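So the protein lines, in turn, are chains V and D.
Anchor point for the first sequence: position 255 equals 518 in my numbering, and the numbering is continuous, going up by one each time.
Anchor point for the second sequence: position 286 equals 549 in my numbering, and the numbering is continuous, going up by one each time.
Every residue, glycine too, gets a C-beta built ideally from N, C-alpha and C.
Here the structure is a predicted model, which is why all the values come from computation and not from measurement.
To keep things clear, I will list the structure first and then write my remarks on it.
2 protein chains.
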Amino acid sequence: MSNSTPATIEDVARIAEVSIATVSRAIHMPEKVANSTRLKVSQAIAITGYTTNAMARSLRLGRSNMILVVAPDIGDPNFSSILVGLENEARSHGYGILIGHTQNDAQRGLEYLKFLNSNQAAGLILFTGILPFGHQTMTARLPPSVGVFEPVFNGGIPYVGVDDIEGARKAVDLLLAEGHRKIAFIGDSRTRLAYTRRRMGYEAGMDAAGVGADLRIVLEGDGTIESGRLAVEQLFMRDTLPTAFMCVNDQTAIGVMIGLGARGYDIPRDFSVTGFDDVPQAAFMSPALTTIRQPRTLIGKHAMALLLELLSDGQPAETEILLRPDLVVRNSVSAPSREWATR
Amino acid sequence: MSNSTPATIEDVARIAEVSIATVSRAIHMPEKVANSTRLKVSQAIAITGYTTNAMARSLRLGRSNMILVVAPDIGDPNFSSILVGLENEARSHGYGILIGHTQNDAQRGLEYLKFLNSNQAAGLILFTGILPFGHQTMTARLPPSVGVFEPVFNGGIPYVGVDDIEGARKAVDLLLAEGHRKIAFIGDSRTRLAYTRRRMGYEAGMDAAGVGADLRIVLEGDGTIESGRLAVEQLFMRDTLPTAFMCVNDQTAIGVMIGLGARGYDIPRDFSVTGFDDVPQAAFMSPALTTIRQPRTLIGKHAMALLLELLSDGQPAETEILLRPDLVVRNSVSAPSREWATR
DNA sequence: AGATGCTATGTAAACCTTTACATAGATGAT
DNA sequence: ATCATCTATGTAAAGGTTTACATAGCATCT
Numbered sequence: 264m265s266n267s268t269p270a271t272i273e274d275v276a277r278i279a280e281v282s283i284a285t286v287s288r289a290i291h292m293p294e295k296v297a298n299s300t301r302l303k304v305s306q307a308i309a310i311t312g313y314t315t316n317a318m319a320r321s322l323r324l325g326r327s328n329m330i331l332v333v334a335p336d337i338g339d340p341n342f343s344s345i346l347v348g349l350e351n352e353a354r355s356h357g358y359g360i361l362i363g364h365t366q367n368d369a370q371r372g373l374e375y376l377k378f379l380n381s382n383q384a385a386g387l388i389l390f391t392g393i394l395p396f397g398h399q400t401m402t403a404r405l406p407p408s409v410g411v412f413e414p415v416f417n418g419g420i421p422y423v424g425v426d427d428i429e430g431a432r433k434a435v436d437l438l439l440a441e442g443h444r445k446i447a448f449i450g451d452s453r454t455r456l457a458y459t460r461r462r463m464g465y466e467a468g469m470d471a472a473g474v475g476a477d478l479r480i481v482l483e484g485d486g487t488i489e490s491g492r493l494a495v496e497q498l499f500m501r502d503t504l505p506t507a508f509m510c511v512n513d514q515t516a517i518g519v520m521i522g523l524g525a526r527g528y529d530i531p532r533d534f535s536v537t538g539f540d541d542v543p544q545a546a547f548m549s550p551a552l553t554t555i556r557q558p559r560t561l562i563g564k565h566a567m568a569l570l571l572e573l574l575s576d577g578q579p580a581e582t583e584i585l586l587r588p589d590l591v592v593r594n595s596v597s598a599p600s601r602e603w604a605t606r
Numbered sequence: 264m265s266n267s268t269p270a271t272i273e274d275v276a277r278i279a280e281v282s283i284a285t286v287s288r289a290i291h292m293p294e295k296v297a298n299s300t301r302l303k304v305s306q307a308i309a310i311t312g313y314t315t316n317a318m319a320r321s322l323r324l325g326r327s328n329m330i331l332v333v334a335p336d337i338g339d340p341n342f343s344s345i346l347v348g349l350e351n352e353a354r355s356h357g358y359g360i361l362i363g364h365t366q367n368d369a370q371r372g373l374e375y376l377k378f379l380n381s382n383q384a385a386g387l388i389l390f391t392g393i394l395p396f397g398h399q400t401m402t403a404r405l406p407p408s409v410g411v412f413e414p415v416f417n418g419g420i421p422y423v424g425v426d427d428i429e430g431a432r433k434a435v436d437l438l439l440a441e442g443h444r445k446i447a448f449i450g451d452s453r454t455r456l457a458y459t460r461r462r463m464g465y466e467a468g469m470d471a472a473g474v475g476a477d478l479r480i481v482l483e484g485d486g487t488i489e490s491g492r493l494a495v496e497q498l499f500m501r502d503t504l505p506t507a508f509m510c511v512n513d514q515t516a517i518g519v520m521i522g523l524g525a526r527g528y529d530i531p532r533d534f535s536v537t538g539f540d541d542v543p544q545a546a547f548m549s550p551a552l553t554t555i556r557q558p559r560t561l562i563g564k565h566a567m568a569l570l571l572e573l574l575s576d577g578q579p580a581e582t583e584i585l586l587r588p589d590l591v592v593r594n595s596v597s598a599p600s601r602e603w604a605t606r
């Protein structure tokens, strides 16, 4: 029963007194085998504790039941809940997920490419906005792939994310509704396309409210806590200060709050701050950060579902799935204080 | 070159004008093949872009180059940095990592067992303190395994973690040095063995300082933010309050800080609080949480290294590796205020 | 009764490797 | 010159599956 070596399809066939072909059919195409036979087979499977050897199956079929997930950084606070969604969906369809991170290192990217070439993964989920395979990308034979968060720059790959423009719009609109006009956008146009879209949302909101270019301040950061802190420093060197900071992501917002705190200002009394992403930390800042939530687990689920569909149909039903971002109001936003407002 | 179907060892053999056996040998036992032949083979490999088909290799060898990592919850803030360590170490030895989470669901545990039975993983990393395979655990054929954070309850499996007793000791000692005597320990003796050890560190520290049992308060929680909050409520129902809260982990500490904050108290003026783990959030609390750091990436690295050793040697060099936990002093601890101290 | 078609099952090849065993050639010892 | 060794390579089997093709039994139709 629980022998030292696992049961093979031959063991099952012997006990059920049929051929191995019939066993295989009983498992994968039950309608093709007689009821009585099917019964004998399932009994034999129960007796032996047989499980299909995945390696043999993959070898024969020419593809595995593993999905490779590549992210630039597994430690990213956005990563783990996405993973939950991906994993659940994959598992329930008989797939496993395999994770890798590139740390923006081309060498590692290449290793994953080799990995794919050796047939170890049937599909690919990409977190980065780019295919991380360097100059070999063009000639690479890639399995069906889908991107998460943003379109993949150099490959015609469907993706699942959030409507960044709409999300950013919700943040500006809140700020505008509170009475802010001079709103600084602390952005990052280099690392991720999604960030550029968020800026578009900011501009659109300002346009719609009739706020002129003279009241807009846009600073480029790189999406890190440190860059948020730095942005504050830069702003204090200029002669005009905003009454609110709209940040491209929560990390930046946290940096801004730290920078403002270090100068002795109170949020939201002196300045309002918004983020984007709703990382777990956001709720525990003091004050708790008002931000835009990305439904991460759901994104993961949809991304995997789309990939699985691709795997069976070959054709993507849709080329992008945009989920709705939600405004989550906490305590980092209030009306501008008189002092600043009259400046 | 970048054909539709990947090159096999036969393609390489044909181009190099040798047999497939020689190609295989040139790759895996280069010293067994003549220099001239080796050269021809590597040229042929370069031309074809050949990569060994991992499925075929695993099938022939009877084991894969994948390591299964099972955690109760991927979303755990402790998880991702461990993953980084695991992944880096595995990758550099030609292994990939496969992740799964059980969510404490026995059904899912069984799925992973089937997974292992189908030979898809050469080794197993366990985050839970238990083997998550229900009643089948006893009879299960398990591959070489190692635990992370704490010993695996029902299997003689080596593990890598932090010295929890020593870590907890550092926390109490800090509190004692600041002058606290009445220190409450908010613990959790149910979910993880590591937590029980932390309590042992607390008791040992109190013993060493000669603080009697009448000044010790121990409350049982379950390691969540909510349970920390609840502990505070309970304590306020009693007639005596501690001057400091030593919490079994950061989540609990965060809960305690929230509870105390809600009642209008200031930390660390009115109460001191310590955590354990140093989750990313801890640094951004207000006040920033004084806690005990687990070197997570390092733990991951060591755990994987140990597993890889097991995989090649068969015998574990050591049965447990305990890393040193570090005290990280931030702003949630100070001397007890006069008011409470004289109580 | 013979032809036809359908259903359920079996036989054997293929997927790509690794490696035990065989072989051939070269070297060295007697 | 014969034999033993050694080195470099080739041949073929094995690993566990899936599936095209073959076959056998049976029912249906003319």
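Can you tell me which residues form a DSSP beta bridge with residue i?
{"i": "V:Leu361", "result": "V:Leu331 and D:Leu361"}
{"i": "V:Glu413", "result": "Bridge partners of V:Glu413: none, in fact."}
{"i": "D:Ser408", "result": "D:Leu387"}
{"i": "D:Leu482", "result": "D:Ile449"}
{"i": "D:Tyr422", "result": "D:Gly410 and D:Glu583"}
Could you tell me whether any Cβ in chain V is nearer than 8 Å to the Cβ of residue i?
{"i": "D:Pro395", "result": "no"}
{"i": "D:Gln370", "result": "no"}
{"i": "D:Ala276", "result": "no"}
{"i": "D:Gln557", "result": "no"}
{"i": "D:Met318", "result": "yes"}
{"i": "D:Val495", "result": "no"}
{"i": "D:Thr503", "result": "no"}
{"i": "D:Arg492", "result": "no"}
{"i": "D:Leu438", "result": "no"}
{"i": "D:Ile420", "result": "no"}
{"i": "D:Glu374", "result": "yes"}
With a cut-off of 8 Å, does the C-beta of residue i fall near any C-beta of chain D?
{"i": "V:Phe412", "result": "no"}
{"i": "V:Gln306", "result": "no"}
{"i": "V:Arg606", "result": "No answer about V:Arg606 holds up, because its pLDDT of 44 lies below 50 and its placement is not dependable."}
{"i": "V:Lys377", "result": "yes"}
{"i": "V:Val596", "result": "no"}
{"i": "V:Phe547", "result": "yes"}
{"i": "V:Asn380", "result": "yes"}
{"i": "V:Thr285", "result": "no"}
{"i": "V:Tyr458", "result": "no"}
{"i": "V:Arg593", "result": "no"}
{"i": "V:Pro335", "result": "no"}
{"i": "V:Pro407", "result": "no"}
{"i": "V:Gly484", "result": "no"}
{"i": "V:Val347", "result": "yes"}
{"i": "V:Phe514", "result": "Rather than Phe, the amino acid found at residue 514 of chain V in this sequence is Gln. False, the Cβ-Cβ gap to chain D never drops below 8 Å."}
{"i": "V:Glu350", "result": "yes"}
What is the C-beta distance between residue i and residue j, in whole angstroms, given that I count them as a contact (C-beta under 8 Å)?
{"i": "D:Ala403", "j": "D:Phe412", "result": "With 8 Å as the limit, D:Ala403 and D:Phe412 do not qualify as a contact, their Cβ atoms being about 22 Å apart."}
{"i": "V:Phe499", "j": "V:Val536", "result": "Not a contact, Cβ separation roughly 15 Å."}
{"i": "V:Arg461", "j": "V:Val511", "result": "5 Å"}
{"i": "V:Ala385", "j": "V:Asn316", "result": "Rounded, the Cβ-Cβ distance is 17 Å, inconsistent with contact."}
{"i": "V:Pro407", "j": "V:Leu573", "result": "4 Å"}
{"i": "D:Val435", "j": "D:Val423", "result": "Not confirmed; about 24 Å, so no contact."}
{"i": "V:Arg455", "j": "V:Gly392", "result": "6 Å"}
{"i": "V:Ala218", "j": "V:Gly442", "result": "Summary: the structure shown does not reach residue 218 of chain V, with chain V confined to residues 264 through 606, and so no result is reported for it."}
{"i": "V:Asn380", "j": "D:Pro588", "result": "Going by Cβ atoms, the distance from V:Asn380 to D:Pro588 rounds to 42 Å, so no, they are not a contact pair."}
{"i": "V:Gly468", "j": "V:Ile555", "result": "Wrong, their Cβ atoms sit about 12 Å apart, outside the cutoff."}
Compute every distance between the C-beta of residue i and the non-hydrogen atoms of the ligand PLP, then say whether any falls below 7 Å.
{"i": "D:His443", "result": "Looking for the ligand PLP in the displayed structure turns up nothing, as the structure carries no ligands at all."}
Exercise. Which ranges does the alpha helix (DSSP H) cover as unbroken runs of at least 4 residues, wholly within the segment 290–358 of chain V, from first to last along the chain?
Worked result: Runs of the alpha helix (DSSP H) spanning 4 or more residues and lying entirely within the segment 290–358 of chain V occur at 298–311, 317–324 and 342–354, in chain order.
Exercise. Given 8 Å as the limit, is there contact between the segment 363–377 of chain V and the segment 333–340 of chain V, that is, 3 or more CB pairs closer than that?
Worked result: Put simply, the segment 363–377 of chain V touches the segment 333–340 of chain V. At least three CB pairs are less than 8 Å apart.
Exercise. If you scan the segment 537–595 of chain D from start to end, which runs of the alpha helix (DSSP H) of 4 or more residues do you find wholly inside it?
Worked result: Within the segment 537–595 of chain D, the complete alpha helix (DSSP H) runs of at least 4 residues are 559–576.
Problem set entry | Cβ pair count under 8 Å reaching 3, the segment 510–527 of chain D against the segment 538–552 of chain D | With a cut-off of 8 Å, the segment 538–552 of chain D and the segment 510–527 of chain D count as touching, because enough Cβ pairs lie within range.
Exercise. Looking at C-beta atoms only, is the number of pairs between the segment 484–503 of chain D and the segment 447–456 of chain D that lie closer than 8 Å three or more?
Worked result: Segment contact: the segment 484–503 of chain D against the segment 447–456 of chain D, three or more CB-CB distances shorter than 8 Å; contact assigned.
For this session: Check whether the segment 296–306 of chain D touches the segment 341–354 of chain V, counting contact only when three or more Cβ pairs, one atom from each stretch, lie closer than 8 Å.
Result: They do not touch, by the three-pair rule.
Exercise. Considering only residues of the segment 490–542 of chain D, which uninterrupted alpha helix (DSSP H) runs meet the minimum length of 4 residues and lie entirely inside it, listed in chain order?
Worked result: Correct list: 513–525.
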